[in-house]
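Working notes, beginning with the structure itself.
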Amino acid sequence: MLYEKHLNSLITAHLEELCSTIGSRPVGSQQNLMAEKYIEDTFVKVGLNIEKQRTECPFWKLDSVKLYLDGMKLDVIANTFTPSCSINSPFTPLSSLQELEGCSIKGRIALVYGELFTESLAPKNFEFWNPEKHQKVIRLLEEKAPEAIIGISPRIVHPFPYIEDWDFKIPSVTVPYDTGIVLLNKKEGRISLEISSGVTVSSSANVIGRTNNFSPKRIVICAHYDTKYGTPGASDNATGVSAMLAAAELLCKDRLPVELEFLAFDGEECYALGELEYLKKYETSFNDILAVINIDGIGLKASSNTITFLECSEDFVDNVLRAKSKFPGIVRVDPWYEGDHTLFWPRKVPCIALSSLGVNNILHTELDSLEKVAADKVTEIVELINEIVKLAVGKSGNQ
46 MLYEKHLNSL ITAHLEELCS TIGSRPVGSQ QNLMAEKYIE DTFVKVGLNI EKQRTECPFW
106 KLDSVKLYLD GMKLDVIANT FTPSCSINSP FTPLSSLQEL EGCSIKGRIA LVYGELFTES
166 LAPKNFEFWN PEKHQKVIRL LEEKAPEAII GISPRIVHPF PYIEDWDFKI PSVTVPYDTG
226 IVLLNKKEGR ISLEISSGVT VSSSANVIGR TNNFSPKRIV ICAHYDTKYG TPGASDNATG
286 VSAMLAAAEL LCKDRLPVEL EFLAFDGEEC YALGELEYLK KYETSFNDIL AVINIDGIGL
346 KASSNTITFL ECSEDFVDNV LRAKSKFPGI VRVDPWYEGD HTLFWPRKVP CIALSSLGVN
406 NILHTELDSL EKVAADKVTE IVELINEIVK LAVGKSGNQ
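Following my numbering, the numbering of the sequence shown begins with 46 at its first residue and continues without gaps.
In structure tokens:
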């Protein structure tokens, strides 16, 4: 009980630092570098050996974005990495691939919705996830060459960017659903769009802390620390980082026969930059990984933590579920793939992914704030990780 209180206090301090003191942590930003240093300092404090994998990345800064319809100001959000523009043009509504294929929109603004905007488009050069439909939409937009693109968010509230791609050079924004209705009701109007933004060269870094153990076998406990632009990133993923840092303190007290690797990924929200760097260096040693525990989206106050398994043996799953019975608030869910564990399980590495029910409702928005998460929910995950590590030491997850 005393140590549980200590964990709660420790996790609360980590969450305060990441969400309140530092705040939004997009790659390349000053806040991202502050989070990197905080993680490194915490790893050093608990006695881990440090490796940093640094890579160049762009940092995008938005100064202003303004949208007018026939002089009437409308709500708008700039899409991440959009270039600057100053445009006054008529617009063409487009709701399907067939309409996009058949349109002529040179010198006009493309207003996209419906089939063309059910989710954010994958960056065109993204290696891990790039649906054929997304590739086709991007290719057609580039071929048709509109002056700019406006996406109508499919969400009634809390719009998210339609495009987040530094290789895509057409100015683009997203408007809330209700603003989209205003535009669709006045198809003959003219739109003025002004974006002032810029990109500078910066860097991002994975921070890796390892126990002082010379065993070739290792267990990887990972969480990404970057965020999308404009979100405090409490559940995505300050809670995951806080759990990883607390687990490092807890597990480093034991002398285990395998190496523990605490892996803070940077760039999960941006082209998977950190994953690519890690893969480049360590793919040949993936056979030495007994298990990966990825923590992403845990700790929502008014929800339940979740666990799922990928590429794990039935025996290992059964043993973990028995250990989980001590934590009845954690529920098992079907596998999900949008996270750092997707670096590992396709290469036959046993993976456990930890998250929360309903996290997608606030993901990547300003609503993902400290008030929505609970330290005791994170503590629950840390205690489960402690149990899982002990099980994985006894038997590899895929045997």
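Ideal Cβ placement from N, Cα and C applies to all residues, glycine included.
Just to check, is the beta-carbon of residue 339 closer than 7 Å to a non-hydrogen atom of the ligand FAD? Absence of the ligand FAD is noted for the structure shown, with no ligands found whatsoever.
Separation of residue 386 from residue 443, as counted between CA atoms: Taking the sequence shown and counting its residues from 1, one reaches residue 443 at position 398. Taking the sequence shown and counting its residues from 1, one reaches residue 386 at position 341. Residue confidence for residue 443 is low, a pLDDT of 47 falling below 50, so the modelled location carries little weight and cannot support an answer.
If you follow the alpha helix (DSSP H) that residue 424 is in, where does it begin and where does it stop? Counting from 1 along the sequence shown, the entry for residue 424 is found at position 379. 420-439 is the span of the alpha helix (DSSP H), which, as asked, contains residue 424.
Segment limits, alpha helix (DSSP H) that includes residue 179: Locating residue 179 in the sequence shown gives position 134, counting from the first residue. Counting along the chain, the alpha helix (DSSP H) containing residue 179 begins and ends at 177-189.
Given a cut-off of 8 Å on the beta-carbon distance, is the pair residue 291 and residue 55 in contact? Position 246 of the sequence shown, counting from 1, holds the residue named residue 291. Position 10 of the sequence shown, counting from 1, holds the residue named residue 55. Result yes, Cβ atoms of residue 291 and residue 55 sit closer than 8 Å.
Can you tell me which of 300, 228, 336, 341 puts its alpha carbon nearest to the alpha carbon of residue 271? Counting from 1 along the sequence shown, the entry for residue 271 is found at position 226. The shortest Cα separation from residue 271 among 300, 228, 336, 341 belongs to 341.
In angstroms with no decimal places, state the Cα-to-Cα distance between residue 427 and residue 152. As a first step, residue 427 must be located in the sequence shown, where it is residue number 382. As a first step, residue 152 must be located in the sequence shown, where it is residue number 107. Taking the straight line from one Cα to the other gives about 55 Å.
How many Å lie between residue 441 and residue 51 at the Cα? The sequence position of residue 441 within the sequence shown is 396, counting from 1. The sequence position of residue 51 within the sequence shown is 6, counting from 1. Confidence at residue 441 is low in this model, with a pLDDT of 45, below 50, so its placement is unreliable and the value that follows should be read with caution. Going by the C-alpha atoms only, they are around 31 Å apart.
Local conformation of residue 392 per DSSP, three classes: Position 347 of the sequence shown, counting from 1, holds the residue named residue 392. Secondary structure of residue 392 (DSSP, three-state): helix.
Look at the alpha carbon of residue 95 and the alpha carbon of residue 422, and state the distance between them as a whole number of angstroms. On the sequence shown, residue 95 is found 50 positions in, with the first residue counted as 1. On the sequence shown, residue 422 is found 377 positions in, with the first residue counted as 1. Distance between the alpha carbons of residue 95 and residue 422 is about 28 Å.
Give the secondary structure of residue 323 by DSSP, where H, G and I count as helix, E and B as strand, and everything else as coil. Mapped onto the sequence shown, residue 323 falls at position 278. Correct three-state label for residue 323: helix.
Start and end residues, alpha helix (DSSP H) containing residue 77: Position 32 of the sequence shown, counted from the start, is the residue given in the question as residue 77. Residues 75-90.
Check whether the Cβ atoms of residue 219 and residue 124 sit closer than 8 Å, and answer yes or no. Locating residue 219 in the sequence shown gives position 174, counting from the first residue. Locating residue 124 in the sequence shown gives position 79, counting from the first residue. In this structure, residue 124 lies closer than 8 Å to residue 219 by Cβ.
Starting from residue 336, trace the alpha helix (DSSP H) both ways and give me its first and last residue. Residue mapping note: residue 336 aligns to position 291 of the sequence shown, counting from 1. Residue 336 -> not in any alpha helix (DSSP H); beta strand (DSSP E) instead, spanning 334-340.
For the beta strand (DSSP E) that residue 29 lies in, which residues bound it at each end? Nothing can be reported for residue 29: it is not among the residues displayed for the chain, which extend from 46 to 444.
I'd like the span of the alpha helix (DSSP H) that includes residue 363, first residue to last. Working through the sequence shown from its first residue, we reach residue 363 at position 318. Its alpha helix (DSSP H) spans residues 359-369.
From what residue to what residue does the beta strand (DSSP E) around residue 195 run? Looking up residue 195 in the sequence shown gives position 150. 193-197 is the span of the beta strand (DSSP E), which, as asked, contains residue 195.
Measure the alpha-carbon distance for residue 64 versus residue 268 and round it to whole angstroms. Residue 64 sits at position 19 when you count from the first residue of the sequence shown. Residue 268 sits at position 223 when you count from the first residue of the sequence shown. Cα to Cα, residue 64 sits roughly 15 Å from residue 268.
Counting along the chain, where does the alpha helix (DSSP H) carrying residue 222 start and finish? If you number the sequence shown from 1, residue 222 lands on position 177. Segment 222-229, the alpha helix (DSSP H) holding residue 222.
By DSSP's criteria, residue 267 is part of a beta bridge. Which residues make up the other side? Here residue 267 refers to the residue found at position 222 when the sequence shown is read from its first residue. Checking the DSSP bridge columns, you'll see residue 267 partnered with 308, 339.
Continuous beta strand (DSSP E) stretch holding residue 93: start and end: For the purposes of this step, residue 93 is taken as residue 48 along the sequence shown, with counting starting at 1. Where residue 93 is concerned, there is no enclosing beta strand (DSSP E), given that its DSSP letter is neither H nor E.
Please tell me whether residue 401 and residue 345 are closer than 8 Å, where the distance is taken between their beta carbons. Looking up residue 401 in the sequence shown gives position 356. Looking up residue 345 in the sequence shown gives position 300. Against a cut-off of 8 Å, the Cβ pair of residue 345 and residue 401 comes out as a contact.
Could you pull the DSSP bridge partners for residue 102 from this structure? Counting from one through the sequence shown, the residue named residue 102 turns up at place 57. Beta-bridge pairing links residue 102 to 247.
Please say whether residue 171 and residue 316 have beta carbons closer to each other than 8 Å? What you label residue 316 is simply residue 271 of the sequence shown in a count that begins at 1. What you label residue 171 is simply residue 126 of the sequence shown in a count that begins at 1. Result yes, Cβ atoms of residue 316 and residue 171 sit closer than 8 Å.
With respect to the alpha helix (DSSP H) encompassing residue 156, which residues constitute its N-terminal and C-terminal limits? Numbered from 1 along the sequence shown, position 111 holds the residue referred to as residue 156. Looking at the DSSP string, residue 156 is not in any alpha helix (DSSP H); the run it does join, the beta strand (DSSP E), is 154-157.
Do residue 240 and residue 306 have their beta-carbon atoms positioned less than 8 Å apart in this structure? Position 261 of the sequence shown, counted from the first residue, corresponds to residue 306. Position 195 of the sequence shown, counted from the first residue, corresponds to residue 240. Result no, Cβ atoms of residue 306 and residue 240 do not sit closer than 8 Å.
What separation, rounded to the nearest whole angstrom, lies between the Cα atoms of residue 98 and residue 394? Position 53 of the sequence shown, counting from 1, holds the residue named residue 98. Position 349 of the sequence shown, counting from 1, holds the residue named residue 394. Distance between the alpha carbons of residue 98 and residue 394 is about 21 Å.
Between the Cα of residue 389 and the Cα atoms of 327, 168, 371, which residue gives the shortest distance? Working through the sequence shown from its first residue, we reach residue 389 at position 344. The option with the nearest alpha carbon to residue 389 is 327.
Residue 62 vs residue 424 beta-carbon contact at 8 Å: Position 17 of the sequence shown, counted from the first residue, corresponds to residue 62. Position 379 of the sequence shown, counted from the first residue, corresponds to residue 424. Contact flag unset, no.
Just curious, the beta strand (DSSP E) that residue 402 is in, first and last residue? Taking the first residue of the sequence shown as position 1, residue 402 is located at position 357. Counting along the chain, residue 402 falls outside any beta strand (DSSP E), and DSSP gives it neither H nor E.
For residue 139 and residue 148, which I take to be in contact (beta-carbon distance under 8 Å), what is that distance rounded to the nearest angstrom? Position 94 of the sequence shown, counted from the first residue, corresponds to residue 139. Position 103 of the sequence shown, counted from the first residue, corresponds to residue 148. About 6 Å; that satisfies the 8 Å criterion.
Going by other Cβ atoms of all chains shown within 10 Å of its Cβ, with 16 needed for buried, is residue 70 buried or exposed? Position 25 of the sequence shown, counted from the first residue, corresponds to residue 70. Residue 70 is buried by the Cβ-count criterion.
Would you decide whether residue 439 is buried or exposed? Buried here means 16 or more other CB atoms lie within 10 Å of its CB. Translated into positions along the sequence shown, residue 439 becomes position 394. Classification of residue 439: exposed, given that the 10 Å Cβ count is below 16.
Residue 332 to residue 120 span [Cα, whole Å]: In the sequence shown, the residue the question calls residue 332 occupies position 287. In the sequence shown, the residue the question calls residue 120 occupies position 75. Rounded to whole angstroms, residue 332 to residue 120 spans 51 Å at the Cα level.
Where do the ends of the alpha helix (DSSP H) carrying residue 142 lie? Position 97 of the sequence shown, counted from the first residue, corresponds to residue 142. Taken as a continuous stretch (DSSP letters only), the alpha helix (DSSP H) holding residue 142 covers 142-147.
What do you get for residue 77, buried or exposed, if any count of 16 or more other CB atoms within 10 angstroms of its CB means buried? Looking up residue 77 in the sequence shown gives position 32. Under this definition residue 77 is a buried residue.
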